[in-house]
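Participant: Residue numbers (the working numbering): 356 to 1071.
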Amino acid sequence: YQKGVATMLAYTDPATKVLQTVVPIRNDYFELPMQQLAGVCGFWTYYMYTGDAEFIKEVYPYAKDYVGLWTLGSDGLVVHRGGSWDWADWGSDFDMPTLENAWYYKALQCVIDMARLTGNEADIEELEQKAETVYAAYQTFWTEEGYKSASVRVPDDRSNAVAVLAGLADPDKYEGIRGNLTTVMHASPYMERYVLDALCEMGYMEDAQQRIRTRYKEMVEYDYSTLWEFWDHGGTLNHAWSGGPLLTMSQYMAGIEPAEAGYTKFSVKPMLGDLTSLECTVPSVRGYITVNISAEPGKEFSLSLKAPANTEAIVGIPRLGPAGSNLQIKYHDAVIYENGADCVPEQMSETLSFSGSDDQYLYYVLKNRDADAAHAFSATLADAQGCSAYTVRLEVGANGAVFWNGERLESGSYEKTVQNGEEFRLEAAAGDGAYFCGWSGAAGTREAVLSVRPQCDMTLRAEFSEKQNVLRTVTFSAEAECDVAILTDSGTEIALAQGTNKVFVKDGETVTFTARDGFLHRFASYQGDVSSLDNQITVTADRDLEIRIETKKLDVENVALGAAVFAENSLENNDWSVSGLTDGSLKKGYTTNVLQPDPEGRISPVSVTLDFGEEKAFSHIALAPRTEVSDANGGSPNYPTEFTVSVSDDGRNFTEVVTIEDSENPMGVTQGYELGPQRAAYVRIDFTGTGTFAADEGVADPYRIQLMEIYLYHVK
């Protein structure tokens, strides 16, 4: 690995600072940006598994320079970087905006860790500011089914997985992402590893195991003992990146991974899912770590551990039974947890100590001095204490409250007495700008509502955490197909062609919105939570806002409506047809087949001709872009950047009227162009330049011309 990294660093051009993904190489450069960001993350992973700090000192300047090549747009998200091969994964339907921002955020976190380790404290502030900006902007992608940009119709499993692993998804979003990762299977074997990791990180091991069985069944049962590059036997038949489940088994099912660099401290947090036994040996840089685990769900659990000398293990004992159960944990024959409390014997304190709990585990720190020592843990559900009443100690963390049988308890410590056989109900309520992390202590769950019938004295803790950046939603609505746009003071354009659109603003931030007239609609007023006749408003986002844009539709006659349309290059199917350009609707539009532009985006002319059947008078043309998906930068895909409009009386002899060059991306807003007074029976548009392609396509360089409607009109 180090030799490969050293070769990559040696091939870095000091002028461009691009880390090349494939080296050695004879061509100018070879960069796959998504894989290269993953590679930057890999630097830190290598350090955690080896403890080689000198390696991080060597790679840090290159990693910092590389993430510095990526810029943030006015919307707070990364400006798409295509590299020499604009590739995110094999397959189709990948959501480039959500995936590349998740990878970039994850890489930033790793570079921040590297800066801290190497003493480059002066670099951290700028890196953290970028990370905070991306985190806040990324939440604009959220839907109830997962993170999704406008470039796809269904949230992508790959980008949602990386969002979890990067820390972009708070736990209150896990359930929505879980639904995505258990139903959407776009990932190739390369990205499948990250999907499995994300399910495990969220605590859904049985879902991960079922996905492994579903996706790898054919591969495992095939005659070969190797794993394929593709799911369909394609590519190479012995491809290392297809071994993701091997990591899932050791890191998550066995639960063995470094807690500190180089395994001086490591964790053993088994997550068996539907397994009842497991044996695993990890060859760490400190020596072999071996665990042997067996379990009977809901009844008992046992774990034996052998570890390298002079290491510490954080051993997680999974919870058994419902809240209120009397869990008993033993280390060898000594009881170390019972009656809802830690009870490690004093004579063991130098070797073993209780270190807390969360919603899934109770944790013990084990100091291992002898490589030959065997350590045994076991857990069972003991009988109830049999007392007439039990003491329940309740700790309510900051940033939230708990309702005890309906009584609101603010942050603090409380003690309650509950009669034997009595049940009480708890409900956690996160404060504004916070989320509920889960119950710990004698109960473990992320469910906010908890019903408990205690069998012993117990301590319960409700844990809350502040969200990294609290976002407020400003929802704009207007008449469907409205071409008025709303501009933010950061330069972002909010299109309203679909009737509604949203912008996310940091809590308490003051932002100015400006309405820009369209070519068919004029701004009239703001209504709803904000009322104003002025086209510019300034609001403080201390709550979610709903604002309706009232408009005045211009009295125009669209002479293109219903005109016959002819095109030299048109894809005709249920979704696309050249006739959609004049049907008066934005639901069905026109697309060419894939085109081959030159490096400046110019193409061989593609002509679209409208036949009115008789002479018509008009003075303007307007083109409606595709809006239901976007390009990789969030703009309108395949909008023409260069075209010429010509008119004719007979359909054979055409006169040029106007040529548009270097047309900017319309960002979802219908664009109008002045032609001057015209009378003609035919109009021809020759497209000679195209913009960025749609991000939802799975073929290489799918450049096209795509429009939803053509308007020809004059204002009365």
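Every residue gets a Cβ at the ideal spot worked out from N, C-alpha and C, and that includes glycine.
If you measure between the beta carbons of PRO452 and ALA1050, is that distance less than 8 angstroms?
Facilitator: Here residue 452 refers to the residue found at position 97 when the sequence shown is read from its first residue. Here residue 1050 refers to the residue found at position 695 when the sequence shown is read from its first residue. Yes, the pair counts as a contact, with Cβ atoms nearer than the cut-off.
Participant: Should the region 669-689 be called in touch with the region 713-723, which here means at least 3 C-beta pairs below 8 angstroms?
Facilitator: Because the criterion of three Cβ pairs below 8 angstroms is met, the region 669-689 and the region 713-723 touch.
Participant: Provide the residue span of the alpha helix (DSSP H) that contains THR569, from first to last.
Facilitator: Stepping through the sequence shown from its first residue, residue 569 is reached at position 214. Run containing THR569: 560-576, per the alpha helix (DSSP H) assignment.
Participant: Are the C-beta of ALA492 and some C-beta of chain C separated by less than 8 angstroms?
Facilitator: The structure shown has no chain C; it contains just one protein chain.
Participant: Of all the options PRO416, SER733, GLU634, which has the alpha carbon lying nearest to the alpha carbon of TYR686?
Facilitator: Within the sequence shown, the letter at position 331 stands for residue 686. For the residues PRO416, SER733, GLU634, the minimum Cα distance to TYR686 belongs to SER733.
Participant: Tell whether a beta-carbon distance below 8 angstroms holds between SER974 and GLU1029.
Facilitator: Counting from one through the sequence shown, the residue named residue 974 turns up at place 619. Counting from one through the sequence shown, the residue named residue 1029 turns up at place 674. Yes; because the gap between Cβ atoms is below 8 angstroms, this pair is in contact.
Participant: Out of curiosity, what's the CA-to-CA distance linking THR800 and LEU633?
Facilitator: In the sequence shown, counting from the first residue as 1, residue 800 sits at position 445. In the sequence shown, counting from the first residue as 1, residue 633 sits at position 278. Their Cα atoms are separated by approximately 24 angstroms.
Participant: Can at least three beta-carbon pairs, one atom from the region 492-512 and one from the region 981-993, be found at a separation below 8 angstroms?
Facilitator: yes
Participant: Helix or strand or just coil, what does DSSP make of GLU740?
Facilitator: Locating residue 740 in the sequence shown gives position 385, counting from the first residue. The sequence given here has Gln at residue 740, not Glu. Coil at GLN740, not helix or strand.
Participant: If you follow the alpha helix (DSSP H) that ILE411 is in, where does it begin and where does it stop?
Facilitator: As a first step, residue 411 must be located in the sequence shown, where it is residue number 56. Counting along the chain, the alpha helix (DSSP H) containing ILE411 begins and ends at 408-424.
Participant: When we look at the beta-carbon of THR947 and count the other beta-carbons within 10 Å, is it buried (16 or more) or exposed?
Facilitator: The residue you call residue 947 lines up with position 592 of the sequence shown. Buried, since its Cβ has 16 or more Cβ neighbours within 10 Å.
Participant: Go ahead and pull the three-state DSSP assignment for GLN683.
Facilitator: Counting from 1 along the sequence shown, the entry for residue 683 is found at position 328. Of the three classes helix, strand and coil, the one that applies to GLN683 here is strand, per DSSP.
Participant: Within the continuous alpha helix (DSSP H) that includes GLY359, where are the two ends?
Facilitator: For the purposes of this step, residue 359 is taken as residue 4 along the sequence shown, with counting starting at 1. Judged by DSSP secondary structure, GLY359 falls within the alpha helix (DSSP H) whose first and last residues are 357-365.
Participant: According to the neighbour-count rule (16 or more other Cβ atoms, all chains shown, within 10 Å of its Cβ), is VAL839 buried or exposed?
Facilitator: As a working note, residue 839 is residue 484 in the sequence shown. VAL839 counts as buried, since at least 16 other C-beta atoms from the protein chains shown sit within 10 angstroms of its C-beta.
Participant: With 16 other CB atoms within 10 Å as the buried threshold, where does LEU658 fall?
Facilitator: As a first step, residue 658 must be located in the sequence shown, where it is residue number 303. Buried is the call here.
Participant: How would you label PRO613, buried or exposed, when you count the other beta carbons within 10 angstroms and need 16 or more for buried?
Facilitator: Taking the sequence shown and counting its residues from 1, one reaches residue 613 at position 258. The residue is buried, with at least 16 neighbouring Cβ atoms inside 10 Å.
Participant: According to DSSP, simplified to helix, strand and coil, what is PRO638?
Facilitator: In the sequence shown, the residue the question calls residue 638 occupies position 283. DSSP places PRO638 in strand when its eight states are reduced to three.
Participant: By how many angstroms is the C-alpha of PHE819 removed from the C-alpha of ASP787?
Facilitator: Locating residue 787 in the sequence shown gives position 432, counting from the first residue. Locating residue 819 in the sequence shown gives position 464, counting from the first residue. Going by the C-alpha atoms only, they are around 11 angstroms apart.
Participant: Of the choices GLY863, GLU923, PHE874, whose alpha-carbon is the least far from that of ASP899?
Facilitator: Here residue 899 is taken as the residue at index 544 of the sequence shown, counted from 1. Per the C-alpha coordinates, the member of GLY863, GLU923, PHE874 positioned closest to ASP899 is GLY863.
Participant: Where does TYR994 fall in DSSP's three states?
Facilitator: Numbered from 1 along the sequence shown, position 639 holds the residue referred to as residue 994. Correct three-state label for TYR994: coil.
Participant: Find the nearest neighbour of ALA689 within the set TRP794, CYS698, ILE380, judged by alpha-carbon distance.
Facilitator: As a working mapping, residue 689 is identified with position 334 in the sequence shown. When each option's Cα is compared against that of ALA689, the closest is CYS698.
Participant: Would the region 644-661 count as touching the region 619-636 if we require 3 or more Cβ pairs under 8 angstroms?
Facilitator: yes
Participant: In whole angstroms, what is the alpha-carbon distance linking ASP1004 and PRO1032?
Facilitator: Here residue 1004 corresponds to residue number 649 of the sequence shown, with the count starting at 1. Here residue 1032 corresponds to residue number 677 of the sequence shown, with the count starting at 1. Distance between the alpha carbons of ASP1004 and PRO1032: 15 angstroms.
Participant: Could you check whether TYR1068 and VAL914 sit closer than 8 angstroms to each other, using their CB atoms as the reference points?
Facilitator: Counting from one through the sequence shown, the residue named residue 914 turns up at place 559. Counting from one through the sequence shown, the residue named residue 1068 turns up at place 713. With respect to the 8 angstroms criterion, VAL914 and TYR1068 are classified as neighbours on the basis of their beta carbons.
Participant: Which residue's Cα is closest to the Cα of LEU630: VAL640, TYR579, ALA563?
Facilitator: On the sequence shown, residue 630 is found 275 positions in, with the first residue counted as 1. Closest by alpha carbon: ALA563.
Participant: Quick test of your reading: LEU627 and ILE648, contact by CB under 8 angstroms. State the CB separation rounded to the nearest angstrom.
Facilitator: Residue 627 sits at position 272 when you count from the first residue of the sequence shown. Residue 648 sits at position 293 when you count from the first residue of the sequence shown. That belief holds up - the Cβ atoms of LEU627 and ILE648 are roughly 7 angstroms apart, short of 8 angstroms.
Participant: Looking at the structure shown, is THR495 part of a helix, part of a strand, or coil, going by DSSP?
Facilitator: The sequence position of residue 495 within the sequence shown is 140, counting from 1. Reduced to three states, the DSSP call for THR495 is helix.
Participant: If you draw a straight line from the alpha carbon of GLU455 to that of PRO388, how long is it in whole angstroms?
Facilitator: Here residue 455 refers to the residue found at position 100 of the sequence shown. Here residue 388 refers to the residue found at position 33 of the sequence shown. Between GLU455 and PRO388, the C-alpha separation is close to 8 angstroms.
Participant: Using beta-carbon positions only, say whether ARG1039 and PHE998 come within less than 8 angstroms of one another.
Facilitator: For this step, residue 1039 is matched to residue 684 along the sequence shown. For this step, residue 998 is matched to residue 643 along the sequence shown. Not closer than 8 angstroms, so no.
Participant: Sort out for me which residues DSSP pairs THR376 with in a bridge.
Facilitator: The residue you call residue 376 lines up with position 21 of the sequence shown. DSSP output for THR376 lists no bridge partner at all.
Participant: Taking just the CA atoms, how far does LYS572 sit from ASP578?
Facilitator: Taking the first residue of the sequence shown as position 1, residue 578 is located at position 223. Taking the first residue of the sequence shown as position 1, residue 572 is located at position 217. Approximately 12 angstroms, taken between the alpha carbons.
Participant: Let me make sure I understand the geometry here. Which of ARG1059, SER743, VAL1013, VAL933 has the alpha-carbon closest to that of ILE958?
Facilitator: The count along the sequence shown starts at 1 and reaches residue 958 at position 603. That would be ARG1059, whose Cα lies nearest to the Cα of ILE958.
Participant: How long is the line joining the alpha carbons of CYS837 and MET1022, rounded to whole angstroms?
Facilitator: Within the sequence shown, residue 837 is the residue found at index 482, counting from 1. Within the sequence shown, residue 1022 is the residue found at index 667, counting from 1. Taking the straight line joining both Cα atoms gives about 14 angstroms.
Participant: Kindly indicate the opening and closing residues of the beta strand (DSSP E) around ILE669.
Facilitator: Numbered from its first residue, the sequence shown carries residue 669 at position 314. Element bounds for ILE669: 666-673.
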